[in-house]
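Worksheet: the structure to be examined is printed underneath.
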Amino acid sequence: MEILALIKQQLSHAASALGTNLSIEEIVVEQSKDKAHGDYATNLALQLARSLGQSPRVIAAKIISQVESALFEKIEIAGPGFINFFVKPTALTSVIAKIVDEGADYGSSDVGHGCSVNVEFVSANPTGTLHLGHARGAALGDVIARILSRAGYRVTREFYVNDAGAQIENLAQSIYARYAQSFGRAVDLPQDGYHGQDIVDIALEIKTAHGDQYLDRYDPVFFKSEGIRRELTRIRADLDFYRVQFDVFTHETAIREQGLLEEIKIKLAPFMYEQDGATFLKTSAFGDDKDRVIVKSDGTFTYFLPDIAYHLDKAKRDHRYLIDILGADHHGYINRMKAALSMLGYPEDTLTIEIVQMVRLIKDGQELKMSKRTGVGVTLRELCQDVGVDAARYFFVARSASSHLDFDLDLAASASSANPVYYAQYAHARLCSLLKAGQELGFDLTGQGLDSDEEKQLLRHLESYPLEVADAAKTKAPYKITNYVQKLATLTHSFYTICRVVDKENISLSRARLALVDASRIVLGNALGLLGVSAPEKM
RNA sequence: GCGCCCGUAGCUCAGUUGGAUAGAGCGCUAGACUUCGAAUCUAGAGGUCACGAGUUCGAUUCUUGUCGGGCGCGCCA
Numbered sequence: 016m017e018i019l020a021l022i023k024q025q026l027s028h029a030a031s032a033l034g035t036n037l038s039i040e041e042i043v044v045e046q047s048k049d050k051a052h053g054d055y056a057t058n059l060a061l062q063l064a065r066s067l068g069q070s071p072r073v074i075a076a077k078i079i080s081q082v083e084s085a086l087f088e089k090i091e092i093a094g095p096g097f098i099n100f101f102v103k104p105t106a107l108t109s110v111i112a113k114i115v116d117e118g119a120d121y122g123s124s125d126v127g128h129g130c131s132v133n134v135e136f137v138s139a140n141p142t143g144t145l146h147l148g149h150a151r152g153a154a155l156g157d158v159i160a161r162i163l164s165r166a167g168y169r170v171t172r173e174f175y176v177n178d179a180g181a182q183i184e185n186l187a188q189s190i191y192a193r194y195a196q197s198f199g200r201a202v203d204l205p206q207d208g209y210h211g212q213d214i215v216d217i218a219l220e221i222k223t224a225h226g227d228q229y230l231d232r233y234d235p236v237f238f239k240s241e242g243i244r245r246e247l248t249r250i251r252a253d254l255d256f257y258r259v260q261f262d263v264f265t266h267e268t269a270i271r272e273q274g275l276l277e278e279i280k281i282k283l284a285p286f287m288y289e290q291d292g293a294t295f296l297k298t299s300a301f302g303d304d305k306d307r308v309i310v311k312s313d314g315t316f317t318y319f320l321p322d323i324a325y326h327l328d329k330a331k332r333d334h335r336y337l338i339d340i341l342g343a344d345h346h347g348y349i350n351r352m353k354a355a356l357s358m359l360g361y362p363e364d365t366l367t368i369e370i371v372q373m374v375r376l377i378k379d380g381q382e383l384k385m386s387k388r389t390g391v392g393v394t395l396r397e398l399c400q401d402v403g404v405d406a407a408r409y410f411f412v413a414r415s416a417s418s419h420l421d422f423d424l425d426l427a428a429s430a431s432s433a434n435p436v437y438y439a440q441y442a443h444a445r446l447c448s449l450l451k452a453g454q455e456l457g458f459d460l461t462g463q464g465l466d467s468d469e470e471k472q473l474l475r476h477l478e479s480y481p482l483e484v485a486d487a488a489k490t491k492a493p494y495k496i497t498n499y500v501q502k503l504a505t506l507t508h509s510f511y512t513i514c515r516v517v518d519k520e521n522i523s524l525s526r527a528r529l530a531l532v533d534a535s536r537i538v539l540g541n542a543l544g545l546l547g548v549s550a551p552e553k554m
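Just add 15 to wherever you are in the first sequence, counting from 1, and you've got the working numbering.
What follows is the structure in structure tokens.
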């Protein structure tokens with residue numbers, strides 16, 4: 016068991032011995048920032064002070080008397096009542112053998128208890144090429160999915176295809192226009208037609224496959240289905256290149272055909288009312304700021320009803336949790352969808368919507384403006400050609416989804432310590448070359464003699480990895496992994512600078528250090544893998 | 001007008017059941033290679049946590065007001 020978990024367990028026992036009842040989750044133990052505060056610290060005594068009506072320092076003393084001290088060099092009461100734990104070096108080094116033994120599995124946990132989670136992300140309309148906004152959502156969704164499965168959830172990655180709206184008719188007409196133009200006919204694009212190169216390319220593909228077969232009469236069914244199919248093929252190719260895969264593609268048309276819409280109209284009937292000839296859903300009773308129209312006065316549905324149906328469909332597929340990764344312009348959507356699921360009887364925590372904020376591209380210190388009107392936006396492909404898939408993915412997940420992201424193109428493309436991706440990858444490559452240099456010496460997994468500050472800090476950080484992954488899963492926060500990676504890289508480089516690893520004059524220390532190097536390499540590789548970023552052996 | 005998010009170092013950002021001297025990276029300044037990769041390391045400067053009031057042993061964190069920024073608000077998707 017990890018030291019942290021052991022400490023928490025002991026504190027939990029101590030707390031109950033004092034007549035209070037705290038679960039392990041409620042006990043906060045942190046790695047000390049300041050060396051003078053030992054290795055780990057807890058504010059437990061301060062937490063309990065109010066309910067016990069005693070001074071924190073007195074409570075701290077009582078807690079310490081309950082703690083098994085075999086693990087620790089010393090335990091101190093500090094400041095207003097913090098308890099600082101100084102761990103014996105031997106307790107710290109046991110993690111090396113554990114990491115080397117578990118290898119690629121190190122970092123896994125079972126906090127998810129095998130619960131089924133559906134992560135829906137990207138879900139771009141099949142009417143154009145993936146661009147910058149999709150790229151951030153794709154990276155976030157993919158990494159969240161990876162983290163969740165690491166933490167013991169069963170994860171389904173899903174892409175929702177909006178293939179039923181007016182935009183599809185528009186797509187079909189746009190493709191037909193380009194198709195006809197390629198035969199020299201003067202057919203104009205529709206009013207709000209799609210002007211992208213992808214439409215031209217698809218038209219030519221159809222020409223190649225079917226010749227002039229569809230030229231004389233516009234066949235909406237054919238051009239719709241071909242358009243959607245070919246756009247999706249391109250989207251999937253882009254995602255594949257970006258190392259993002261999906262398990263399920265669900266089409267809106269399929270949802271509409273299942274009769275779910277009727278089922279929902281019946282189930283939600285108690286929450287519906289008529290006004291001005293339209294049907295409203297009483298979402299305001301469940302936390303939304305106003306009621307929403309669900310059936311328009313002309314008898315057709317708003318988009319809201321099929322969306323509810325889609326969420327019901329996901330929930331019915333036996334997913335305990337649903338996660339949607341959506342763009343910032345959808346934030347008004349959160350409450351109404353949660354309200355609808357509550358009406359259908361699902362628990363409050365069923366749906367989590369992660370809102371992904373906008374990305375600004377920065378080049379030469381200036382924002383790179385792009386015009387939507389002329390269609391000159393940066394595509395996912397172009398971005399990756401500029402900075403590489405590794406940097407793109409890393410930068411997109413390095414900040415919390417809810418904050419705006421400034422993507423510095425120069426930094427992402429640079430090969431220096433200023434670029435966090437290179438910094439981390441370089442650390443990994445360095446570790447690999449150390450192992451190569453010392454491969455005849457072999458490992459000493461006991462960690463005998465590893466007692467410098469650099470080594471101890473590295474060990475502590477390695478030990479915290481599984482908890483970090485579990486925390487990132489719980490908070491759906493990939494940036495915690497990038498922060499972890501940065502710190503691990505820093506500790507690795509410091510260790511490298513201070514500690515001579517391969518030393519023929521001191522074989523036993525070398526063997527212990529090589530084992531530590533291997534453990535660090537494994538964890539750094541695992542963490543980068545979680546981000547979908549490559550961990551090169553040399554660069 | 002209503003609603004949501006936000007305001008922390010020069011820049012980009014962490015800091016979630018309220019806890020020790022508010023952190024990280026970049027940038028800046030000064031140092032460090034005859035030995036495992038200097039694509040690196042070490043040290044330093046840099047803060048009225050937008051502002052005011054309240055809650056309490058203690059507030060960046062909770063409440064409230066003001067100022068400033070972003071977004072959403074159609075029987076659009």
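All C-beta atoms in this analysis are idealised placements derived from N, C-alpha and C, irrespective of residue type, glycine included.
Which residue from the options puts its Cα closest to that of residue i?
{"i": "Gly-392", "options": "Ala-427, Leu-147 and Asp-486", "result": "Leu-147"}
{"i": "Ala-428", "options": "Asp-125, Asp-401 and Ser-415", "result": "Asp-401"}
{"i": "Ala-542", "options": "Asp-120, Lys-502 and Ile-496", "result": "Ile-496"}
{"i": "Glu-520", "options": "Leu-456, Pro-493 and Gln-182", "result": "Leu-456"}
{"i": "Leu-464", "options": "Gly-127, Arg-528 and Glu-135", "result": "The residue you asked about is not Leu; residue 464 is Gly in the sequence shown. Gly-464 has its Cα closest to that of Arg-528, out of Gly-127, Arg-528 and Glu-135."}
{"i": "His-128", "options": "Tyr-191, Glu-135, Leu-366 and Val-170", "result": "Val-170"}
{"i": "Leu-186", "options": "Glu-83, Leu-420, Val-215 and Gln-81", "result": "Val-215"}
{"i": "Ser-448", "options": "Met-554, Met-373, Ile-513 and Phe-510", "result": "Met-554"}
{"i": "His-508", "options": "Arg-445, Arg-172, Leu-247 and Asp-379", "result": "Arg-445"}
{"i": "Gln-81", "options": "His-28, Phe-422 and Phe-97", "result": "His-28"}
{"i": "Ala-407", "options": "Leu-63, Gln-46, His-149 and Ile-368", "result": "His-149"}
{"i": "Tyr-168", "options": "Tyr-438, Tyr-336, Leu-473 and Leu-506", "result": "Tyr-336"}
{"i": "Glu-83", "options": "Phe-101, Gly-96 and Pro-95", "result": "Phe-101"}
{"i": "Arg-642", "options": "Asp-54, Met-287 and Thr-315", "result": "The question about residue 642 has no answer here: the residues shown for the chain are numbered 16 through 554."}
{"i": "Tyr-209", "options": "Leu-26, Gly-226 and Ile-190", "result": "Ile-190"}
{"i": "Leu-230", "options": "Val-259, Phe-198 and Asp-253", "result": "Phe-198"}
{"i": "Ala-413", "options": "Ala-487, Asp-255, Thr-365 and Val-115", "result": "Ala-487"}
Let me know the secondary structure DSSP gives residue i once reduced to three states.
{"i": "Ala-430", "result": "coil"}
{"i": "Ala-334", "result": "Residue identity differs from the one stated: residue 334 is His in this sequence, not Ala. In this structure, His-334 counts as coil in the three-state DSSP scheme."}
{"i": "Ser-386", "result": "The predicted model places Ser-386 with a pLDDT of 45, which falls under 50 and marks its position as unreliable; any figure quoted below should be read in that light. Coil."}
{"i": "His-146", "result": "strand"}
{"i": "Val-202", "result": "coil"}
{"i": "Lys-378", "result": "strand"}
{"i": "Phe-316", "result": "strand"}
{"i": "Ala-550", "result": "coil"}
{"i": "Asp-401", "result": "helix"}
{"i": "Leu-539", "result": "helix"}
{"i": "Thr-367", "result": "strand"}
{"i": "Gly-53", "result": "coil"}
{"i": "Ala-534", "result": "helix"}
{"i": "Val-516", "result": "coil"}
{"i": "Thr-171", "result": "strand"}
{"i": "Glu-91", "result": "strand"}
{"i": "Lys-329", "result": "helix"}
When the Cα atoms are used, what is the spatial distance from residue i to residue j?
{"i": "Glu-289", "j": "Leu-275", "result": "21 Å"}
{"i": "Tyr-194", "j": "Phe-237", "result": "13 Å"}
{"i": "Ala-324", "j": "Leu-356", "result": "10 Å"}
{"i": "Arg-515", "j": "Leu-531", "result": "12 Å"}
{"i": "Ser-386", "j": "Asp-328", "result": "Bear in mind that the predicted position of Ser-386 carries a pLDDT of just 45, short of 50, making it too unreliable to give a figure here."}
{"i": "Gly-390", "j": "Gln-501", "result": "Since pLDDT at Gly-390 reaches only 45, below the 50 mark, its modelled position is unreliable, and no value is offered."}
{"i": "Pro-376", "j": "Leu-145", "result": "First, the amino acid is wrong: residue 376 is Leu here, not Pro. Cα to Cα, the separation comes out at about 16 Å."}
{"i": "Ala-154", "j": "Ile-18", "result": "33 Å"}
{"i": "Ile-74", "j": "Ala-85", "result": "21 Å"}
{"i": "Tyr-441", "j": "Pro-551", "result": "8 Å"}
{"i": "Arg-232", "j": "Gln-188", "result": "12 Å"}
{"i": "Ile-42", "j": "Ala-32", "result": "15 Å"}
{"i": "Lys-77", "j": "Ser-164", "result": "41 Å"}
{"i": "Pro-481", "j": "Ile-513", "result": "27 Å"}
{"i": "Leu-506", "j": "Glu-246", "result": "46 Å"}
{"i": "Thr-490", "j": "Arg-72", "result": "33 Å"}
Under 8 Å by Cβ, that's how I've got residue i and residue j pegged, so tell me the actual separation to the nearest angstrom.
{"i": "Val-110", "j": "Leu-450", "result": "Going by Cβ atoms, the distance from Val-110 to Leu-450 rounds to 18 Å, so no, they are not a contact pair."}
{"i": "His-334", "j": "Ser-131", "result": "5 Å"}
{"i": "Ala-416", "j": "Gln-454", "result": "In fact, because the Cβ distance is near 42 Å, the residues do not count as touching under 8 Å."}
Could you check if residue i belongs to the surroundings of the ligand ADP, using beta carbon to heavy atom distance under 7 Å?
{"i": "Val-263", "result": "For the structure depicted, the ligand ADP is absent and the ligand set is empty, with no information on it obtainable."}
query = Is it true that the region 173-181 meets the region 220-229, where meeting means three or more beta-carbon pairs spaced less than 8 Å apart?
reply = no
request  = Tell me, please, whether the region 86-93 touches the region 119-127 by the rule of three or more beta-carbon pairs shorter than 8 Å.
outcome  = no
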